[in-house]
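Trainee: Residue numbers (my numbering), protein chains in the order written: chain A, 2 to 344; chain B, 195 to 462.
Can you keep this structure in mind? I'll have questions shortly.
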Amino acid sequence: MVNKSGGVLVYAECKRRKLNRITLELLSAGRYLAGKLNSEVSAVLIGYKVRELAKELICYGADRAYVVDHQSFRYYVPLTYAKVIADLIISSEPEIVLFPADSIGRDLAPRVAAKLNTGLTADCIELDIGDYEDPISGRHYEKLLYQVRPAFSGDIIATIVVPERRPQMATVRPGSFDPLPRDLGREGEIVAIPVNLGGEGGVMEVIKVVEEESSTDLRDAKIIVSGGRGVGGPYGFKLLRELAKELGAKLGASRAAVEAGWISYSHQVGLTGQIVKPKIYIACGISGAIQHIVGIREAGVIIAINRDPDAPIFDYADYGIVGDLFEVIPALISKIKEVKCNK
Amino acid sequence: MIRVIVLIKQVPDPKVRARLKEDGTVDRERVRAVMNPYDRNALEEALRLKEVIGAKVIAISMGPLKAESVLREALAMGADEAILLSDPMLAGSDTLATSYALSKVIKMLGNYDLILCGMETTDGNTGQVGPEVAEHLGIPHVTYVEDFELRNGYLLVKRLIEGGYQWLKVRLPALLTITNTANEPRCSTFEGVIRALKKNVRRLSLEETGIEKGRVGLIGSPTRIKEVRRVNLRRRRYIIRKPSAKEAVEELLRELSSKGIKLVMNGG
Numbered sequence: 002m003v004n005k006s007g008g009v010l011v012y013a014e015c016k017r018r019k020l021n022r023i024t025l026e027l028l029s030a031g032r033y034l035a036g037k038l039n040s041e042v043s044a045v046l047i048g049y050k051v052r053e054l055a056k057e058l059i060c061y062g063a064d065r066a067y068v069v070d071h072q073s074f075r076y077y078v079p080l081t082y083a084k085v086i087a088d089l090i091i092s093s094e095p096e097i098v099l100f101p102a103d104s105i106g107r108d109l110a111p112r113v114a115a116k117l118n119t120g121l122t123a124d125c126i127e128l129d130i131g132d133y134e135d136p137i138s139g140r141h142y143e144k145l146l147y148q149v150r151p152a153f154s155g156d157i158i159a160t161i162v163v164p165e166r167r168p169q170m171a172t173v174r175p176g177s178f179d180p181l182p183r184d185l186g187r188e189g190e191i192v193a194i195p196v197n198l199g200g201e202g203g204v205m206e207v208i209k210v211v212e213e214e215s216s217t218d219l220r221d222a223k224i225i226v227s228g229g230r231g232v233g234g235p236y237g238f239k240l241l242r243e244l245a246k247e248l249g250a251k252l253g254a255s256r257a258a259v260e261a262g263w264i265s266y267s268h269q270v271g272l273t274g275q276i277v278k279p280k281i282y283i284a285c286g287i288s289g290a291i292q293h294i295v296g297i298r299e300a301g302v303i304i305a306i307n308r309d310p311d312a313p314i315f316d317y318a319d320y321g322i323v324g325d326l327f328e329v330i331p332a333l334i335s336k337i338k339e340v341k342c343n344k
Numbered sequence: 195m196i197r198v199i200v201l202i203k204q205v206p207d208p209k210v211r212a213r214l215k216e217d218g219t220v221d222r223e224r225v226r227a228v229m230n231p232y233d234r235n236a237l238e239e240a241l242r243l244k245e246v247i248g249a250k251v252i253a254i255s256m257g258p259l260k261a262e263s264v265l266r267e268a269l270a271m272g273a274d275e276a277i278l279l280s281d282p283m284l285a286g287s288d289t290l291a292t293s294y295a296l297s298k299v300i301k302m303l304g305n306y307d308l309i310l311c312g313m314e315t316t317d318g319n320t321g322q323v324g325p326e327v328a329e330h331l332g333i334p335h336v337t338y339v340e341d342f343e344l345r346n347g348y349l350l351v352k353r354l355i356e357g358g359y360q361w362l363k364v365r366l367p368a369l370l371t372i373t374n375t376a377n378e379p380r381c382s383t384f385e386g387v388i389r390a391l392k393k394n395v396r397r398l399s400l401e402e403t404g405i406e407k408g409r410v411g412l413i414g415s416p417t418r419i420k421e422v423r424r425v426n427l428r429r430r431r432y433i434i435r436k437p438s439a440k441e442a443v444e445e446l447l448r449e450l451s452s453k454g455i456k457l458v459m460n461g462g
């Protein structure tokens, strides 16, 4: 027997007629949790001309796709979106609601949580189901959502639970779960939700959007060459790009380099950017802030190149070269070329 | 006159690495407490409005009595009024309880046009309190605000999104959370510190604000911390120091290949 209410609800996002990767990750997380709860996964997609993506949500793991398709939802704004989600939660009674920890989810989820007077955990990197004994009341709870998140800049990990109120809500960091393969044979229900704008329309509207055309997805990269403050500027990234090209790697960056304006945000690695799991991560001129290290903790091998022998990055690296990256990287590039020629 | 409220939190100095006590909770006692750095950016925006259009700036904080020091600093930077909500019953409040309590203080003050806060705090990093306060007050909010302009009865707001930004039109009153790249916050001047000494930080208790006891503190917080642990992120730390880059690179590649790690994956 599968419970109709009491399942997992995923807030889905799309861009340019495609589901965002984080949505696929959340569906995968949802399937894992629903398996443990013996319940279902639903997804809700709000937007304009998004109806055709409902089937995709099912292919990637949803049992039910709720779709709200109306021109007034063309751009995300918190008030109207929060009302739709809260109404859906009230009527469908999910146990768990997952949002992406991105500029929409981190904006929308707290609004919904406050509306429903329930708890919310930000930036989860792991989710699970388990029991909980409340130390104050002594009460025992079964099958709660374990919401695991980094705290205090990252190397402290906290497990949060919401024993009494429902739903249990979390925003989840991109890269924390691997998407399931697309299964065209999966079956599910598609439910169109009628639009009821109420009095929330017109209070705020998006009047202009400026976005990069291409964004860099580092989450599937086998090798990442990443640069930090020590790279010194856009010129230094040219050198890193050259190394990346030789290795067939993707280019990453630390928050310091992105905030300095040397490279765009879509390259940012760490808890404030993307969580990555490459086989090899080469950190060039990156000092090693904890939030960065936590974002690469699942990398196979970490190689650090830094001029400062006391840089914290060396503590978190498998291999380190103490030296000027403007000498080390050219030497590395020529050595790699040599290896390739000899093959 | 436009009234701008700035929400400020006192946090453990983010430059100091957090320690865990034996029971697994974070040791806040031994770390210096400072103003949440992102709240400085919010306060800076408010103070610029004060300079340009003569806005009145009211700084509000919730926390233990020692949090008064961050409000003193806000006054020294140029805030007109400062209010501290402090009550032992508030200890252990999560974001829902905190946002409820702050919204009650704001409701008690009555009229306001704009509420500003930092995009998140450096101790919790949730960024949830701002949007939750806005929901309790029933006003619109915009997060990750890089810039904004006050127009006749509404705001034009530049909001950062992944790989770009957007402009929004928002009706007042509204709540904005300000990014750390929005501005360069000012320091307090000597005159400012002297001026601040003449001002009072107004203290509020639960009774005065009508906050329901069951909705704050540990009891009023839906979330519970089940477990806290430190993760070990340290790795092998094979560090190479050689006089020439060429030698260093050769040693690296030798070490990698002795462990069966291939740097060149797509080669021949």
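Just so it is clear, CB atoms sit at the ideal spot from N, CA and C, and this is done for glycine as well.
#1: For chain B, find out if any of its Cβ atoms is closer than 8 Å to the Cβ of residue 106 (chain A); answer yes or no.
#2: Does the CB of residue 439 (chain B) have a neighbour CB from chain A at under 8 Å?
#3: Suppose the cutoff is 6 Å on Cβ atoms and the five residues either side in sequence are ignored; what does the same chain contact list for residue 330 (chain A) look like?
#4: In the DSSP assignment, what are the bridge partners of residue 288 (chain B)?
#5: Runs of 4 residues minimum, wholly inside the stretch 409-440 of chain B: which ones carry the alpha helix (DSSP H) assignment?
#6: Short of 6 Å in beta carbon distance, which residues of its chain neighbour residue 325 (chain B), apart from the five on each side in sequence? Order them along the chain.
#7: Apart from the five residues on each side of it in sequence, which residues of its chain come closer than 7 Å, Cβ to Cβ, to residue 366 (chain B)?
#8: Three-state secondary structure (DSSP) at residue 216 (chain A)?
#9: Whose C-beta lies closer than 8 Å to the C-beta of residue 125 (chain A) among residues of the same chain, with five residues either side of it excluded?
#10: Can you pull the chain A residues whose beta carbon is under 9 Å from the beta carbon of residue 338 (chain B), in chain order?
#11: Answer yes if the stretch 82-101 of chain A comes into contact with the stretch 116-131 of chain A, meaning at least three C-beta pairs across the two stretches below 8 Å, and no otherwise.
#12: Quick one: which residues of the stretch 408-425 of chain B get their C-beta closer than 8 Å to a C-beta of chain A? List them in chain order.
#13: Grab me the residues of residue 68 (chain A)'s own chain with a C-beta within less than 6 Å of its C-beta, minus the 5 sequence neighbours each way, in chain order.
#14: Let me know if residue 336 (chain A) comes out buried or exposed under the rule of 16 or more other beta-carbons within 10 Å of its beta-carbon.
#15: Counting only C-beta atoms, is residue 404 (chain B) closer than 8 Å to chain A at any point?
#16: So, does the CB of residue 334 (chain B) fall closer than 8 Å to a CB anywhere in chain A?
#17: Suppose the cutoff is 8 Å on Cβ atoms and the five residues either side in sequence are ignored; what does the same chain contact list for residue 238 (chain A) look like?
#18: Tell me the residue span of the alpha helix (DSSP H) that contains residue 33 (chain A).
#19: Going by other Cβ atoms of all chains shown within 10 Å of its Cβ, with 16 needed for buried, is residue 322 (chain B) buried or exposed?
#20: What residues of chain A sit near residue 326 (chain B), judged by a beta carbon separation below 9 Å?
#21: Quick check on this structure: which residue in A:11, A:320, A:246 and A:220 has the alpha carbon closest to the alpha carbon of residue 97 (chain A)?
#22: Over what stretch of residues does the beta strand (DSSP E) that includes residue 313 (chain B) continue unbroken?
#23: Could you give the DSSP three-state label for residue 131 (chain A): helix, strand or coil?
#24: Would you mind reading off the limits of the beta strand (DSSP E) that contains residue 170 (chain A)?
#25: Using 8 Å as the limit for Cβ to Cβ distance, is residue 341 (chain A) near chain B?
#26: Out of curiosity, what's the CA-to-CA distance linking residue 136 (chain B) and residue 253 (chain B)?
#27: For residue 249 (chain A), which residues in the same chain have their Cβ closer than 8 Å to its Cβ, ignoring the five residues on either side in sequence?
#28: Kindly list, in the order they appear in chain D, the residues whose Cβ is closer than 7 Å to that of residue 225 (chain A).
#29: How is residue 333 (chain B) classed by DSSP in three states: helix, strand or coil?
#30: Pairing CB atoms from the stretch 294-314 of chain B with CB atoms from the stretch 424-442 of chain B, are three or more of them under 8 Å?
#31: Going straight from the alpha carbon of residue 284 (chain B) to that of residue 339 (chain B), what length do you get?
#32: At least one CB of chain B closer than 8 Å to the CB of residue 277 (chain A): is that the case?
#33: With 7 Å as the limit, tell me which residues of the stretch 359-374 of chain B have their beta carbon closer than that to any beta carbon of chain A; keep them in chain order.
#34: Unbroken alpha helix (DSSP H) runs of length 4 or more, entirely within the stretch 94-134 of chain A: which are they?
#35: Run the CB neighbour count on residue 1 (chain A), radius 10 Å, all protein chains shown included, and call it buried at 16 or more, exposed below.
#36: Along the chain, which unbroken stretches of the alpha helix (DSSP H) at least 4 residues long are found entirely within the stretch 287-315 of chain A?
Mentor: Straight from the coordinates:
#1: no
#2: yes
#3: 240 and 244
#4: The partner list for residue 288 (chain B) (beta bridge, DSSP) is empty, contrary to what the question assumes.
#5: 411-414
#6: 335
#7: 307, 308, 347, 348 and 349
#8: coil
#9: 102, 148, 149, 150, 171, 172, 173, 174 and 177
#10: 104, 107 and 108
#11: yes
#12: 412, 415, 416, 417, 418, 419, 420, 421, 422, 423, 424 and 425
#13: 46, 52, 55 and 193
#14: buried
#15: no
#16: yes
#17: 228, 232, 252, 254, 258, 263 and 264
#18: 22-38
#19: buried
#20: 111, 112, 114, 115 and 121
#21: A:11
#22: It is not in any beta strand (DSSP E) - residue 313 (chain B) carries neither H nor E in the DSSP assignment.
#23: strand
#24: 169-173
#25: yes
#26: The first residue shown for chain B is 195 and the last is 462, placing residue 136 (chain B) beyond what the model contains.
#27: 223 and 224
#28: In summary, chain D is missing from the structure at hand, where the protein chains are A and B.
#29: coil
#30: no
#31: 29 Å
#32: no
#33: 359, 360, 361, 362, 363, 364 and 365
#34: 106-117
#35: Absent from the model: residue 1 (chain A). The displayed extent of chain A is 2 to 344, so no value can be given.
#36: 291-296
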